[in-house]
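In what follows, a structure is listed as structure tokens, so that the remarks can point back to it.
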Amino acid sequence: MTSPARPIRADTPVAIAPVGDRSWAWRRRLAYTLLIAYAILMFVPFAWSIITSFKTLPDSVRLTILPDPFTLQGWDFAITKLTPPLPVLFFNSALIAGVVTVTNLVLGSLAGYAFARLRFPGREVLFLIVLATLMIPDQLRLVPVYLIFNGIGLTKGVGQYFGVILVVAISGTSIFLIRQYFLTIPRELEEAARIDGAGFFTTFLRVMLPLAGPALGAVAILTFQGTWNGFFWPLILLQDQGHYTLPIGLLFFRTAGGFATIYPPLMATVVMATLPIVVLYVFFQRYFVEGIAATGVKG
Amino acid sequence: MTAASLARRPRAPNKGRAEALAGYLFIAVPMALFLVLNVGSIVYALFISVWKWNLRSGPVEFTGLRNYGTALSDPIFQTAIRNTLYYAVVWVPLTMALGLFLAVIVNQKIHGQTFFRAAFYFPAIASSAAITTLWIFIMAPDGIFNQVRGMVGLNPLFSLLGFTANQNWIGDQGTAMNTIILLNAWTTSGTFMLFYLASLQSISREVYEAAAIDGAGAWQTFRRITFPLLKPGHYFVATVAVIGALQLFDQALIGGGVDGAPNNALMTMVLYLYNAAFKQFNFSYAAAIGIILFVVIFTATLVQRRLFGQAPAW
Amino acid sequence: MRRQLLAALAALTIVVTACGGSATSSPSQAAPSAAASAASASASAAAPASAAASASPAGFDANAISGPVVLSGWQSSPAEGNALTQALLSFQATYPNVKVDYQPVAGDYPTVMAPKFASHDVPDLFYVNADYAQEWIAGGFLAPLDDYIAKSAFDTSQFFPGYASIFKGADGKTYGFPKDGNTIAMAYNTALVTSAPKTLDALVTLAQSLKGKSGLKAPICLNPGLDRGLAFLYAQGGSLLTADGKASAIDTAPSKAAIQWYMDLFKSGLGMTASDMGAGWCGDALGKKSAAIIFEGGWLDPSMTSTYPDVKYAWAQLPTGSSGSPVTISFTVSYSIGADSKNKDQAWVLLQYLTGKDGMTKWTQGGVALPARKDVPTPAGKDVLAASSAFAKPGSGFMVGWPAVQKAFQDAFTAQIQGKTFNADPVITATKAAIDKALAGG
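Sequence order for the protein chains is A, B and C. Note that the first sequence covers residues 10 to 308 in my numbering. Note that the second sequence covers residues 45 to 358 in my numbering. Note that the third sequence covers residues 2 to 443 in my numbering.
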């Protein structure tokens, strides 16, 4: 079979249907139509949010497609009237989500690789513990974690940032996902590296990690988005208003700011909160295309 | 050289020790965090669950397994268990299938591949609070869904199934949970699509080429080759899905409030725990619920490990 | 050296166990010893804080107190934020030495406060909703105020009993004072209802005439729970508990009749839940013109003016029922000091100001809430609601385990409405069981 040197793209399709066959063309068109309809359906709620943000308040409770009149009132309200102001909320959210994503990628890939490929006593039991961490709802963890954090000063001042980051710095899902991915990469590559004299860390860094593009991309997207939208721990641990993240700031604004039923600015804030994730997703999803699949499996 | 033969090969003793050391080092930081923040929490919960526990002043009275007995005999908790299991049994396969379907489509080099990839993932992007509120708005008695199905003429079909034209989907005890299932299937299908995409990427091109040469059609290729090769992916998605499903909370809270209205139709195990802890301020009881939940999820995960057997590269 | 260390350790151990002992006795369990230790605790806390106080042991001189006080609570509207700012500014002018640090909670107040209680790190003065006041008092989270009341000669006579009684513990001590209140009254669309019904019978007649008119989904928007139903239960001469609060009274004849009467409103289509009308709450239903008559509190006003300014409505007293006398239910929130609060004296200075005549006037004059005191003038436009305070009974927090009782009623009631059986008996059975369980100690 082929030598390990040739990278393969696994996203090129098997022949779904021979092109030029009449019945297949008809089916293909139908499939496309359904897909496009479904895809558009996915955007409908957000389209509605965007549209509502440009409406006036009385108009916003009506189910019309076009704002009448078209106004920037909602956006102006949201941008100028928030306390703490939007840039602060964005900064806090970005800082926390960014750091947590990096820690998940670093710690997750190391641990995921170890659980997939390194042999050490108690490995399976330890992995079960990793899985077990996913089975404890945050509501149950609240009091013990808070007691610990309060004891070491992570509930006051700047420590609040550390607290929120620490509690989600590494997620069992990240380790699990990366482990499963590494399991599918044939051992030959590592063997070759070790024969060449590479140590465990070098093998991990130079050989295995570059192959893990899709998994790392998935972890990056999921972690950033989960932390960005994260609600529970920021609510509990970020007590100073200047430290609020976007979801908490928006919640506070919905109640204390009286936004709850003032839909235009509310929708404007929803759009603003979602935009960074869309950008990030578009940026990271290319790893699914460029991810280099492993080579053929020898018989 | 198969994986099995590699494993059987004797290793030089210090190489084994070096590998073990590397293994422990690589997992050290995560395991330390997990030990303190997660295992510690379970130990705390276990401890306080056998007492009558005052949140501020600590132990009041040793009660042994009384909290557990009370929980398991409470009809509301039993409903919560039933609801949660029902949700898991219906939602997990539904969303896995949807996610896999979307991943396979998006993995093809079709026109607008990037567009579809973004579109299908979109519902997963928004925060659960925002999207659930939106869903409640859409599924309200005079909401978009009811209006559109009336306009499109689907109402007779719905009446046949026993639904009125003004059906209150989330507010009615008979339909509330199913409505939440649909909501979560829609939003989480994008996430599972992502997981399956990562998995699909690891299947070698040559496998498909060989199948094509042997004359396999698209469905056959999928069923005989792709699907089985995705086993590690299936295992991951199924495990994560079940663990997540059994902890349904956000949508239940937003849809039905802290009491799981209407009439406990949306009462899930975690919502029950939350209710016990932060509405009734009975923390030892809440801890017992948490332990029971943990045992249920852990058992389900172990069963899944057995079911999925030894995936090829274990 | 070592012997000195051991002696110090021994002394420390004795001191710690002594203090720990008095701290863990919650008020409901050991009343006499708690009173003694509370008195000594507040005396020892007062001593270092104010030299002037120790000079006059019988009194508490608020003007002599200085220091920070951390104030916490939630904020439900921008108007509330403004009103509180005004009240705090006025406080600062009166007591310039006490600095207020306001730290509101963004959401889910009980969940955020719970770990604070556990870690003994609580704000100095904070809100306590009547909904969970009894739970927090019984749990020992709040500091008893009787000492402060006596030493400051704080006049408690002006509080409406319906509000103040909620914050008394089973030991008879006071654990907070209501900062304001809200009563339930009838709000009706003036375009559809020309004159407000004065009795429940008149209400039914009116509703029947409105049925099916003007695009109404139902004439009246009602909640399937005791959060409103309790008012109707009282109005028809029923009750959940006996007068002494020691046994359930929900299965007496008047109670049964009252609940069936409430159920029949749904049965006849005169009443519908907000959810079935496609509204988040009955205020939305009134605004969307799905209902003509609703039963809400003062929070309706800001909501209607901002979201549904075109709908004209008016307030009227809850119609009287077969009991003959006007009655309604009220909701309130207290200012309370935590048992672990660090600046209790300063917190008391703030508390007695905000719940005193001047502070409460400043707070309520904007119309965010009703005064909880008789001597505070009624805010403009709130006459009906404020007048109801005089005869309002507590709508929550009057018994330990209230959340479970409320839930039992609502679950059973909803099952009856959605199952279309409209039978009050299962509701009464379920609620009675919950009440009995709560009275027995949960």
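Positions of the beta carbon are idealized from the N, C-alpha and C atoms, including for glycine. Here the structure is a predicted model, which means the values were calculated and not measured.
Task: Between the CA atoms of residue 122(A) and residue 123(C) - distance to the nearest angstrom - done: Answer to the nearest angstrom: the Cα atoms are 44 Å apart.
Task: the segment 360-367 of chain C / the segment 146-154 of chain C touching (three or more Cβ pairs under 8 Å) - done: With the cut-off at 8 Å, the segment 360-367 of chain C and the segment 146-154 of chain C do not touch.
- [ ] Report the option in 237(A), 230(A), 47(A) whose CA atom is closest to the CA atom of residue 172(B).
- [x] The shortest Cα separation from residue 172(B) among 237(A), 230(A), 47(A) belongs to 237(A).
Task: Counted within 10 angstroms of its Cβ, other Cβ atoms place residue 180(C) as buried (16 or more) or exposed - done: Buried.
Task: CB of residue 439(C) within 8 Å of CB of residue 160(C), strictly - done: No.
Open item on the list: According to DSSP, residue 296(C) sits in a beta bridge with which residue or residues?
Closed with: Beta-bridge pairing by DSSP links residue 296(C) to 187(C).
Task: Own chain residues within Cβ distance below 8 Å of residue 293(B), not counting five before or after - done: Taken in chain order, the residues that qualify are 312, 314, 315, 318.
TODO: Compare the C-beta of residue 27(A) against all C-beta atoms of chain B and say whether one is closer than 8 Å.
DONE: The predicted position of residue 27(A) is uncertain, since its pLDDT is 46 and thus under 50; a value taken from the coordinates is nonetheless stated next. Residue-level contact by beta carbon fails for residue 27(A) and chain B, as no gap is shorter than 8 Å.
- [ ] Please confirm if the segment 219-230 of chain B is in contact with the segment 132-139 of chain B, defined as three or more CB-CB distances below 8 Å between the two stretches.
- [x] The segment 219-230 of chain B vs the segment 132-139 of chain B: in contact.
Task: DSSP state of residue 430(C) mapped onto helix, strand, coil - done: If DSSP states are grouped into helix, strand and coil, residue 430(C) belongs with the helices.
TODO: Report the rounded CA-to-CA distance for residue 36(A) versus residue 219(C), giving the unit in angstroms.
DONE: Their backbone Cα atoms lie some 50 Å apart in a straight line.
Task: Cβ pair residue 242(A), residue 177(A) closer than 8 Å - done: In this structure, the beta-carbon distance from residue 242(A) to residue 177(A) falls below 8 Å.
- [ ] Please determine if the segment 212-229 of chain C and the segment 265-279 of chain C are in contact, where contact requires at least 3 C-beta pairs separated by less than 8 Å.
- [x] Pairwise C-beta distances place the segment 212-229 of chain C in contact with the segment 265-279 of chain C, as three or more of them are shorter than 8 Å.
Task: Neighbour list for residue 99(B) in chain C, Cβ cutoff strictly below 7 Å - done: Simply 115, 118, 119, 140.
Open item on the list: Using a Cβ-Cβ distance cut-off of 8 Å, determine whether residue 17(B) contacts chain C.
Closed with: Here chain B comprises residues numbered 45 to 358, so residue 17(B) is not present and cannot be evaluated.
Task: Nearest neighbour of residue 84(A), chosen from 171(A), 224(A), 291(A), 280(A) [CA to CA] - done: If you compare the alpha carbons of 171(A), 224(A), 291(A), 280(A) with that of residue 84(A), the shortest gap goes to 280(A).
TODO: Check distances from the C-beta atoms of the segment 171-186 of chain B to those of chain C and list, in chain order, the residues that come in under 7 Å.
DONE: Those residues of the segment 171-186 of chain B placed with their C-beta closer than 7 Å to a C-beta in chain C are 184, 185, 186, ordered along the chain.
TODO: Could you name the residues of chain B that residue 150(A) contacts, counting a contact when the two beta carbons are closer than 8 Å?
DONE: Under the 8 Å cutoff, chain B gives 81, 82, 85.
TODO: Quick one: grab the DSSP three-state call for residue 178(C).
DONE: In the structure shown, residue 178(C) sits in a strand (DSSP, three-state: E or B).
- [ ] May I have a chain-ordered list of the alpha helix (DSSP H) segments no shorter than 4 residues that lie completely inside the segment 147-211 of chain B?
- [x] Entirely contained in the segment 147-211 of chain B, the alpha helix (DSSP H) runs reaching 4 residues are, in chain order, 157-165, 172-182, 188-196, 199-204.
Open item on the list: Assuming contact is defined by CB atoms lying nearer than 8 Å, are residue 321(B) and residue 330(B) in contact in what I supplied?
Closed with: Yes.
TODO: Give the secondary structure of residue 75(B) by DSSP, where H, G and I count as helix, E and B as strand, and everything else as coil.
DONE: In the three-state DSSP reduction, residue 75(B) falls in the helix class (H, G or I).
- [ ] Just mark residue 37(C) as buried or exposed, buried being the case when its beta carbon has 16 or more other beta carbons within 10 Å.
- [x] Interpretation of residue 37(C) is limited by its pLDDT of 35, a score under 50 that renders its predicted location unreliable; the figure taken from the coordinates is listed afterwards. Within 10 angstroms of the beta-carbon of residue 37(C) lie fewer than 16 other beta-carbons, which makes it exposed.
Open item on the list: Pop quiz: residue 225(C) and residue 176(C) are said to be a contact at Cβ under 8 Å. What is the actual Cβ separation, rounded to whole angstroms?
Closed with: Rounded to whole angstroms, the Cβ separation of residue 225(C) and residue 176(C) is 32 Å, and the two are not in contact under 8 Å.
TODO: Could you tell me whether the segment 94-108 of chain C touches the segment 244-259 of chain A, where touching means 3 or more Cβ pairs closer than 8 Å?
DONE: By the Cβ criterion, the segment 94-108 of chain C is in contact with the segment 244-259 of chain A, since at least three pairs of Cβ atoms, one from each stretch, lie closer than 8 Å.
TODO: Taking all protein chains shown into account, decide if residue 22(B) is buried (16 or more other Cβ within 10 angstroms of its Cβ) or exposed.
DONE: Only positions 45 to 358 of chain B appear in this structure, which leaves residue 22(B) out of reach.
Open item on the list: Distance check for residue 59(A) and residue 285(A), CA to CA, integer angstroms please.
Closed with: Per the coordinates, the alpha-carbon of residue 285(A) lies some 15 Å from the alpha-carbon of residue 59(A).
- [ ] Return yes when the C-beta of residue 200(A) is under 7 Å from any heavy atom of the ligand GDP, and no when it is not.
- [x] This structure simply doesn't include the ligand GDP, nor any ligand for that matter.
Open item on the list: Check whether chain A comes within 8 Å of residue 291(B), counting only Cβ atoms and requiring the distance to be less than that.
Closed with: Chain A contact via Cβ: present.
Task: Rounded straight-line distance, which links the Cα of residue 44(A) to that of residue 292(A) - done: Spanning the two alpha carbons is a distance of roughly 23 Å.
Open item on the list: Suppose you measure from the CA of residue 64(B) to the CA of residue 132(A); what does that come to, to the nearest Å?
Closed with: The alpha-carbon of residue 64(B) is positioned some 9 Å away from that of residue 132(A).
Open item on the list: Which residue marks the beginning of the beta strand (DSSP E) containing residue 102(B), and which one marks its end?
Closed with: Annotation: the continuous beta strand (DSSP E) that includes residue 102(B) extends over 102-106.
Task: Boundaries (first-last residue) of the beta strand (DSSP E) holding residue 71(C) - done: Here the beta strand (DSSP E) through residue 71(C) covers 68-73.
Open item on the list: Which residues does DSSP list as the beta-bridge partners of residue 130(C)?
Closed with: Note: residue 130(C) sits in a beta bridge opposite 334(C).
Task: Span of the beta strand (DSSP E), counted from its first residue to its last, around residue 321(B) - done: Unbroken run through residue 321(B) is the alpha helix (DSSP H), 313-322; no beta strand (DSSP E).
TODO: If I'm right that residue 236(C) touches residue 324(C) with Cβ under 8 Å, what's the distance once you round it to whole angstroms?
DONE: At roughly 6 Å, the Cβ-Cβ gap stays under 8 Å, so residue 236(C) and residue 324(C) are in contact.
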